[in-house]
Amino acid sequence: MFKRSFCSVLLLACTAPAMAQVSAEMGQVRLMPPGAPNTAAFMTLHNNADTAVKLVAASSALTPTVELHTHINDNGVMRMRQVESIEVPAKGSVVLQPGGLHLMFIGLKASLSAGQQVPLTLHFDDGENLTLTLPVKEIMPMQGQMK
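With the numbering used here applied, the sequence shown covers 23 to 169.
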């Protein structure tokens, strides 16, 4: 019986789909004026696996709501829009940056200060989570992007 159980576990381990291996670099949260209710987080996500993965949600103790956002050009006016997911391609990367894809922290519980460390957990469609701690930094807005 021991051999049968061991083989069953081994077989499951060998046939299970490979999980994406996502890492993050250059992560930061935008410093906003005191009392601002919202801010954004930016980073580069890398996927070292052979399978694409989608970022489907994010959460932080700093705020009740973290949304996935992008910017779109609406008749010459740049507007933010929520998106359902952000794909991180197999063996590739995706950049979350001002004027593009980003994470929006909505309803901050307290004002942020430069250098503060912000907890953030990214949730992927394959069931994996990536927990990060991002520094709060002053980030200059994209010139001419928002009207």
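The C-beta atom is built at its ideal place from N, Cα and C for all residues, glycine as well.
>> I need the straight-line Cα distance from residue 124 to residue 85, nearest angstrom please.
In response: 16 Å
> Taking C-alpha atoms, which residue in 122, 139 and 100 lies nearest to residue 66?
Replying inline: 122
> DSSP state of residue 157, grouped into three classes?
Replying inline: strand
>> Measuring only the C-alpha atoms, how far is residue 133 from residue 49?
In response: 19 Å
> What do you reckon, are the CB atoms on residue 45 and residue 76 nearer than 9 Å?
Replying inline: no
> For residue 144 versus residue 79, is the C-beta spacing smaller than 9 Å?
Replying inline: yes
>> Taking the straight line between their C-alpha atoms, what separation do you get for residue 43 and residue 116?
In response: 14 Å
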